[in-house]
Amino acid sequence: MSKTLLREFYALCEGGICQDLLTEEEKNFVSSGGLILSGRLQTADKQNGNGRVYPYNVLKREMNNYMKIVKDNRACGELDHPDDSVVNLKNVSHIVTDIWWEGKDVMGKLKVLDTPSGRILKDLVNAGVKLGISSRGLGSVTESSGGTVTVQEDFQLICFDMVYEPSTPNAYVFPDKKSGVSARLREAKENSISDLFKKILGD
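In this text, residue positions in the sequence shown follow the working numbering: the first is 536, and each later residue adds one.
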């Protein structure tokens, strides 16, 4: 069974980063104008917005592997999804600094880096552009007679990217105007291209 590039989209935490989760180093980074985002990165045993289900045992194995990359300070992600399975360093915008389980949800913290793509990401978030987070991996899927699409044992997680339009309905990242340095998730009613154009054009 051949592997394909699997990309999943999720929304970040409502209200932005929880200050109680920040380390002293992260607090210093934020107070100096840095940006840290947090939220659900993946979920197990539940059909996602792309119609796929990630079995817990498959996702747990990949998360255990990815946690090692996080500890090694190598868990980089890109601004936008490329069409391949390679993390291109010239496009890196952020790094995952922490990752943990809450039930069957994988939660994490992302530090926006002072790179060309990272500066673009920070400017976009601070300007109020709606963004989401998306996992990228390689694997095969099977579809049951009931129509459920399940990710198979050969799945390999690559990274988590920041993207323009998450598949989670009406869930996007916005800057927290109170602090100016964290991110706030708000509900948006417009999630179609036509609605976006109407808003931009002031129609």
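Glycine included, C-beta positions come from ideal geometry on N, C-alpha and C. Model, not experiment: these values are computed from the prediction.
Is it the case that the Cβ atoms of residue i and residue j are separated by a distance below 7 Å?
{"i": "residue 674", "j": "residue 581", "result": "no"}
{"i": "residue 669", "j": "residue 641", "result": "no"}
{"i": "residue 693", "j": "residue 663", "result": "no"}
{"i": "residue 610", "j": "residue 631", "result": "yes"}
{"i": "residue 647", "j": "residue 570", "result": "yes"}
{"i": "residue 741", "j": "residue 684", "result": "Nothing can be reported for residue 741: it is not among the residues displayed for the chain, which extend from 536 to 738."}
{"i": "residue 695", "j": "residue 576", "result": "yes"}
Going by DSSP, name the residue or residues bridged to residue i.
{"i": "residue 633", "result": "644"}
{"i": "residue 678", "result": "684"}
{"i": "residue 613", "result": "627"}
{"i": "residue 664", "result": "Note: residue 664 sits in no beta bridge, so no partner."}
The beta strand (DSSP E) that contains residue i, what's its start and end?
{"i": "residue 670", "result": "667–674"}
{"i": "residue 654", "result": "It is not in any beta strand (DSSP E) - residue 654 instead sits in the alpha helix (DSSP H) that spans 651–661."}
{"i": "residue 573", "result": "571–578"}
{"i": "residue 698", "result": "691–698"}
Which word fits residue i, buried or exposed, when buried means at least 16 other C-beta atoms lie within 10 angstroms of its C-beta?
{"i": "residue 649", "result": "exposed"}
{"i": "residue 579", "result": "buried"}
{"i": "residue 643", "result": "buried"}
{"i": "residue 677", "result": "exposed"}
{"i": "residue 603", "result": "exposed"}
{"i": "residue 619", "result": "exposed"}
{"i": "residue 621", "result": "exposed"}
When you compare only the Cα positions, how much space is there between residue i and residue j?
{"i": "residue 600", "j": "residue 688", "result": "14 Å"}
{"i": "residue 573", "j": "residue 679", "result": "34 Å"}
{"i": "residue 712", "j": "residue 624", "result": "Its pLDDT being 39, under 50, residue 712 is placed unreliably in this model, and the coordinates cannot settle the point."}
{"i": "residue 613", "j": "residue 628", "result": "5 Å"}
{"i": "residue 690", "j": "residue 608", "result": "22 Å"}
{"i": "residue 616", "j": "residue 652", "result": "13 Å"}
{"i": "residue 568", "j": "residue 682", "result": "47 Å"}
{"i": "residue 565", "j": "residue 591", "result": "34 Å"}
{"i": "residue 634", "j": "residue 561", "result": "15 Å"}
{"i": "residue 639", "j": "residue 598", "result": "12 Å"}
{"i": "residue 645", "j": "residue 637", "result": "17 Å"}
{"i": "residue 655", "j": "residue 626", "result": "11 Å"}
For the alpha helix (DSSP H) containing residue i, list its first residue and its last residue.
{"i": "residue 624", "result": "Where residue 624 is concerned, there is no enclosing alpha helix (DSSP H), given that its DSSP letter is neither H nor E."}
{"i": "residue 566", "result": "559–566"}
{"i": "residue 605", "result": "591–606"}
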